[in-house]
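Residue numbers (my numbering), protein chains in the order written: chain V, 774 to 1277; chain E, 36 to 213; chain P, 96 to 329. For each residue, glycine too, the CB sits at the ideal point set by N, CA and C. Just so it is clear, the structure is predicted and the values come from calculations on it, not from any experiment. Down below is the structure, laid out as structure tokens.
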């Protein structure tokens, strides 16, 4: 095939395909921006000197202190997880139509390699455009935001640049990973051109194995603190990688586990369904449980992330409270240090944005699902099934697996966050205490024998479970979903028009 | 239809009287034109003459002589040959229906031809409905269903032809009178 | 008694007229075929008669009640309880088993699940597909799917069954079997049937045939008005 033909076939498609390409590019752009930001933070040079030497050119302590920079970069990198989940979700957008088009190409004589090549080219090119725009925005943003204050200090690390190989890696590696993922997803289509037409079912129902991934994440988080205490600060940098892996495992576990949850709740609903709407939803859930994973991927990733952040916030809040109390006790004045809390505010903002993006993705998937089943819906309506029944069934179908999946995501995220933030133990003062009867203690002769040196005022502070914040996250996610379903159901009318029933 | 071969086939199961042959014929081919006795005996006579069938004893009951007939070896071969010969698929179009429309166009006008086609179509439709009712009757035997199917398929083909010809009759007329 | 009645039905899709004044009646227990070439308005007529579409002008009455003025909800209820609809394909819910698909109209009417399943099994048995009760449509042949769909259309024992090319996607023998069972059961229950088809063979299953051409009923049954009369007259 000539390259021109190749590109022509890769960009052939309808508006849904265009939307998929745009969203793929957008995901790549966001991911590349996050990685570039993290790399910039890591590129900051520590001035020569002892371990206390700070990079004094920045206004922000997160950037100034070498010990904090790793964490900052890590937090920024974590943001790529919901973005990647969104990318995976977008890849499924309009996929049935595209799969059919590719299968048609196979029937027309294209080799499996050519067909895979076309799809891979689409994803790869879209991602490359995304990362290139990402790089450009990064460079432009860097110039625009380079605003030293009167002391010549910078709010952002706009004076450093990641190395050229690093930049090249970001721009090229992301599209390659995306292309490889696409090639992987197309195995079924390339295998048989009729496979799509015949709609072969996915091999087997989902299994509860993803729970192991979550357990792995929790276990890793639990080991974090003991290992750090044992090893001191030598391995700090590796810990961030470790935590990234742990968080990724947990997110993946929750997303894949959503399929199992879908199937189980579907079966449960099926057993107890008392209305046709419930029956329809139950059938759909247990028949295509992977739809749940696909639909909620980005949302669940954002929630795991948000719940983890809530644990961090609780810890910072506690530390702030303790410090304020001590300052007050030692008469240091107000001394409020909300620095960390502000940092978590930023994370929360990112989570809110991620939830919003995820809700948009959910809407797209929902409309896609309705459109794909329009003939059945139209036939049901013609047979006297009220549209409201179908709308309610879609609501059941979305909410039934969603509520447990959201609880799981919040639970896993919070547990991991909490394990990474152990109780705060404060040492008290040494005091002598006489452990005997008042008489014995009053007598200086006997007192010494009963006196011990103990630490008092030492306290272990546990952060409260931030129930209100977790509830807010869950409620926000559910509300966003409800809104999305409401919007999606608006499309029912045009998709149940009697024209859909015309034969042929 | 090849009556001699049908009789040979009916005799293949064992000897039969002329009367039995007529009954078996009408039962097995329910939608065919019923066979007259005279035709049965005339055909049997020819088959005996050609050595395909031989008389196999007589019995006199309360009535006329009844001769039973049996298939000869030659008869069996002839039947076998007939069964293994493929019928030529429609070598000539010699349907009265077709001829009548042609003649109507030759001697009369389009309206006349069309009137005929309309009447024919109605008759075909009525017969089609009749046969369908017969076939879907719960008491219908497979004999009935298969025979009705055969007729239905042919009526259906005729009806399709009538439909398209009605749309073509004006052009056809023009061609005939060029 | 007159089961269905249409008077002066007009319906257009944008500027394209599909029905241009249809007046007809269907008696109780009657099986009527509506035939005509593609695009003559057959399906639109069925949709109007079944209350799926509202005509632009004219009236549709069911047992003397004018239904075209009813609300969507009321017409939905009518279709659910008194009518059955059957299409060429694509009407079964892919995620539900055959028994659940057939039981669906009963469940909508408020029947309990167990009772609905029992009724569904009876109807599947009548169409000879009882062994498919727990199979999903994706695993059935086209003929089996259509038998299930027919069972679903009849499970509420409707007064009128609307069938739009019900055998259009089936081979001759399978189509014939489905149709024979359908007609037999309809006659037993005195169900009125409106059967849309373009095949004379299928139309022959009906008691009466209504021929449409370009949105009007062709009373000669032959489409004379549409054919240009030309050529010499002798």
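The segment 984-1002 of chain V makes no contact with the segment 1129-1140 of chain V: fewer than 3 CB pairs, one atom from each, lie closer than 8 Å.
Those residues of the segment 178-194 of chain E placed with their C-beta closer than 7 Å to a C-beta in chain P are 187, 191 and 194, ordered along the chain. Rounded to the nearest whole angstrom, the C-alpha separation of residue 272 (chain P) and residue 180 (chain E) is 12 Å. As the crow flies, the alpha-carbon of residue 145 (chain E) is around 28 Å from that of residue 188 (chain E).
In this structure residue 813 (chain V) is in contact with residue 935 (chain V), their Cβ atoms being roughly 6 Å apart against a cut-off of 8 Å.
Nearest in C-alpha terms to residue 1197 (chain V), of all of V:933, V:1093 and V:1251, is V:1093. With respect to the 8 Å criterion, residue 1039 (chain V) and residue 1062 (chain V) are classified as neighbours on the basis of their beta carbons. For residue 1241 (chain V), the uninterrupted alpha helix (DSSP H) segment begins and ends at 1240-1263. The count of Cβ pairs closer than 8 Å, one atom from the segment 1129-1138 of chain V and one from the segment 1069-1076 of chain V, reaches three, so the stretches are in contact.
The beta carbon of residue 96 (chain P) is closer than 8 Å to those of 122, 123 and 158 in its chain, skipping five residues each way along the sequence.
Under the Cβ criterion of 8 Å, residue 279 (chain P) is counted among the residues facing chain E. The count of Cβ pairs closer than 8 Å, one atom from the segment 184-202 of chain E and one from the segment 291-303 of chain P, reaches three, so the stretches are in contact. For residue 162 (chain P), there is no enclosing beta strand (DSSP E), since its DSSP letter is neither H nor E. In the structure shown, residue 108 (chain E) falls within a helical segment according to DSSP collapsed to helix, strand and coil. Runs of beta strand (DSSP E) with 3 or more residues, each lying fully within the segment 792-848 of chain V, are absent. Inside the segment 1138-1206 of chain V, DSSP marks whole beta strand (DSSP E) runs of 3 or more residues at positions 1197-1199, from first to last along the chain. Annotation: Cβ neighbours of residue 1271 (chain V) in chain P (cutoff 7 Å, chain order): 142, 147 and 148. In this structure residue 259 (chain P) is not in contact with residue 305 (chain P), their Cβ atoms being roughly 14 Å apart against a cut-off of 8 Å. Inclusion of residue 162 (chain P) and residue 136 (chain P) in the CB contact set at 8 Å is not warranted, their separation being larger than that value. In terms of Cβ geometry, residue 955 (chain V) and residue 893 (chain V) form a close pair [threshold 8 Å]. Ranked by Cα distance from residue 168 (chain P), the first of V:1244, V:929 and V:1156 is V:1156.
For residue 830 (chain V) and residue 933 (chain V), the gap between their C-alpha atoms comes out near 11 Å. Burial of residue 1169 (chain V) is indicated by the presence of at least 16 other C-beta atoms within 10 angstroms of its C-beta.
Counting along the chain, no alpha helix (DSSP H) covers residue 1234 (chain V); the unbroken beta strand (DSSP E) around it starts and ends at 1232-1234.
Residues of chain P whose Cβ lies closer than 8 Å to the Cβ of residue 939 (chain V) do not exist, since the nearest Cβ in that chain is about 48 Å away. In the structure shown, the three-state DSSP call for residue 247 (chain P) is helix. Residue 991 (chain V) and residue 1193 (chain V) do not touch by the CB rule: their CB atoms are close to 11 Å apart, not below 8 Å.
Relative to the Cα of residue 198 (chain E), the nearest Cα in the group E:122, E:209 and E:155 belongs to E:155. The C-beta distance from residue 199 (chain P) to residue 1049 (chain V) rounds to 6 Å, short enough to fall under 8 Å. Scanning V:937, V:1210, V:1068 and V:919 for the CA closest to the CA of residue 1257 (chain V) turns up V:1068. Against residue 299 (chain P), the close residues of chain E are 160, 163, 164, 166, 167 and 187, in the order they occur along the chain (beta-carbon pairs closer than 8 Å).
Secondary structure at residue 780 (chain V): helix, using DSSP grouped into helix, strand and coil.
The count of Cβ pairs closer than 8 Å, one atom from the segment 111-118 of chain P and one from the segment 260-279 of chain P, stays below three, leaving the stretches out of contact. Between residue 194 (chain P) and residue 215 (chain P), the alpha-carbon positions lie close to 6 Å from each other. Annotation: Cβ neighbours of residue 315 (chain P) in chain E (cutoff 7 Å, chain order): 153. Annotated three-state conformation of residue 71 (chain E) is coil, per DSSP.
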